[in-house]
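Only one structure is covered here, and it is reproduced in the block below.
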Amino acid sequence: MQRTEAPAQALSGSNISKRRKFVADGVFYAELNEFFQRELAEEGYSGVEVRVTPTVTDIIIRATHTQEVLGEQGRRIRELTSLITHRFRFPPDSVSLYAAKVQSRGLSAVAQCESLRYKLLNGLAVRRACYGVLRFIMESGAKGCEVVVSGKLRAARAKSMKFTDGFMIHSGQPARDFIDSATRHVLLRQGVLGIKVKIMRASNSPNDPAGEKSGAKSLPDSVTVIEPKEEQPIVEPSSQDYGPKPTQAFNAQQQQQQQQQQQQQHDLQGEEQLDETGEGQPAGGDVQF
1 MQRTEAPAQA LSGSNISKRR KFVADGVFYA ELNEFFQREL AEEGYSGVEV
51 RVTPTVTDII IRATHTQEVL GEQGRRIREL TSLITHRFRF PPDSVSLYAA
101 KVQSRGLSAV AQCESLRYKL LNGLAVRRAC YGVLRFIMES GAKGCEVVVS
151 GKLRAARAKS MKFTDGFMIH SGQPARDFID SATRHVLLRQ GVLGIKVKIM
201 RASNSPNDPA GEKSGAKSLP DSVTVIEPKE EQPIVEPSSQ DYGPKPTQAF
251 NAQQQQQQQQ QQQQQHDLQG EEQLDETGEG QPAGGDVQF
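FYI, the UniProt record's numbering numbers position 12 of the sequence shown as 12, with every residue one higher than the one before it.
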């Protein structure tokens, strides 16, 4: 294997552009991730995180069985540290490896993909293994999941089998924020099988291993239903008058009295006018000759 310079070592030794820096960091991460996938597959390897500081480079290994990663009295983690130091030509005591336990392996697509891979290698039926993984993922609090197995499953002709459960999105920025996916290959006697696992995490999942990826975001089309306020309990019987209020009744009575007074005045004026026009005429309209 050809030995290459570590990204931190290359930066300190020469002045390179940002483009070359990002490329060197990406190559370093890709090779490190592939190495851990092969070496720590049985320990439930789920990912690696590299933190570069001016003095030391911290490499955090995420796995479901951290005790096997550390080894007896930390022997295996020291072997991995020595191997990485020599492989990438790090200065002595400038690399530190840590093992972090995945809080909920049911929400880690890499862990579930490796679990399904070992089930198929042990001879378990494809349909039974996939449904077991689906049930475990949904019981762990996922919003949705999808498992695709492709290859020569039983017959000589290759085909794909898809198993889905829950809610799943496939496009847009929310797919980058909430979807965790992983792909693995299984070498069987009849050929190579491809496995792809996609898990949609809930926005408020407490055991989310990659919660910092989505943060406190929520789906853009999500609707929050606000619960109504609790009604106060009725301690004693009570009655409520739905009639007009006293002030309204009083005002209505005053208006009615004013209308009656106006009507009486109008009637009196009409009688006075009749008396003035009919003065000197006998009653009954009789005419005397």
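Backbone N, C-alpha and C fix where the C-beta goes; we use that ideal spot for every residue, glycine too. As the structure is a prediction and not an experimental result, all values here were calculated from the model.
Asked                                                                                                               : Found
For Thr183, the three-state DSSP class (helix, strand or coil)                                                      : strand
Anticipated Cβ contact below 8 Å, Glu112 with Val133, distance rounded                                              : For the record, residue 112 in the displayed sequence is Gln; it is not Glu. Yes, Gln112 and Val133 are in contact; Cβ-Cβ is about 5 Å, under 8 Å.
Range covered by the alpha helix (DSSP H) that runs through Val133                                                  : Val126 to Glu139
DSSP state of Glu272 mapped onto helix, strand, coil                                                                : helix
Other residues of its chain near Ala210: CB distance less than 7 Å, five sequence neighbours each side excluded     : Low confidence applies here, because Ala210 scores a pLDDT of 44, under 50, leaving its location unreliable; read the following figure in that light. Contacts found: Asp180.
Best match in Val23, Arg76, Ala182 and Gly151 for proximity to Val110 [C-alpha to C-alpha]                          : Ala182
Option in Leu116, Gln255 and Ile137 with minimal Cα separation from Arg128                                          : Leu116
The region 46 to 66 contacting the region 30 to 37, beta-carbon criterion three pairs below 8 Å                     : yes
Within 9 Å, strictly: CB atoms of Glu146 and Asp177                                                                 : no
Candidates Ala99, Tyr118 and Arg184: closest to residue 312 by CA position                                          : Because the chain spans 1 through 289 in this model, residue 312 falls outside it and cannot be assessed.
Three-pair Cβ contact test at 8 Å for the region 85 to 101 versus the region 57 to 66                               : yes
First through last residue of the beta strand (DSSP E) which encompasses Ser115                                     : Premise fails: Ser115 lies in the alpha helix (DSSP H), Ala109 to Leu121, not in any beta strand (DSSP E).
N-terminal and C-terminal residue of the alpha helix (DSSP H) that Val27 is part of                                 : Lys18 to Glu39
Endpoints, the alpha helix (DSSP H) within which Arg76 is located                                                   : Arg75 to Arg87
Buried or exposed (CB count within 10 angstroms, at least 16 for buried), Met161                                    : exposed
One or two residues paired with Phe163 in a DSSP bridge                                                             : Val147
Residue of Glu272, Gly151 and Ser239 minimising C-alpha distance to Leu188                                          : Gly151
Whether Lys143 touches Ala202 by CB criterion (9 Å)                                                                 : yes
Local Cβ density within 10 Å of Ala252, reported as buried at 16 or more and exposed below that                     : exposed
Where Asn15 falls: helix, strand or coil (DSSP)                                                                     : coil
beta-carbon Glu43 near the ligand NAD non-hydrogen atom, thresh 8 Å                                                 : With respect to the ligand NAD, the structure offers nothing, as it holds no ligand at all.
One or two residues paired with Ser96 in a DSSP bridge                                                              : Asp58
Length of the line joining the Cα atoms of Asn207 and Leu107                                                        : Confidence in Asn207 is poor, its pLDDT being 48 and thus under 50, which makes the residue's placement unreliable; the coordinate value appears in the next sentence. Approximately 8 Å between the Cα atoms of the pair.
Ala175 - DSSP class collapsed to helix/strand/coil                                                                  : helix
Cβ-based burial, Glu212 [other Cβ within 10 Å; buried from 16]                                                      : Unreliable positioning characterises Glu212 in this predicted model, as indicated by a pLDDT of 47, which lies under 50. The coordinate reading is nonetheless provided below. Result: exposed.
Best match in Thr85, Leu121 and Gln67 for proximity to Val102 [C-alpha to C-alpha]                                  : Gln67
Pair within 9 Å by beta-carbon distance, Phe88 and Phe22                                                            : no
Unbroken alpha helix (DSSP H) run spanning Glu49, endpoints                                                         : It is not in any alpha helix (DSSP H) - Glu49 instead sits in the beta strand (DSSP E) that spans Tyr45 to Val52.
Collapsed DSSP secondary structure at Ala142 in the structure displayed                                             : coil
DSSP-derived helix/strand/coil call for Leu193                                                                      : strand
Nonlocal neighbours in the same chain, by C-beta distance under 6 Å from Met168, ignoring five residues either side : Gly144, Glu146 and Met200
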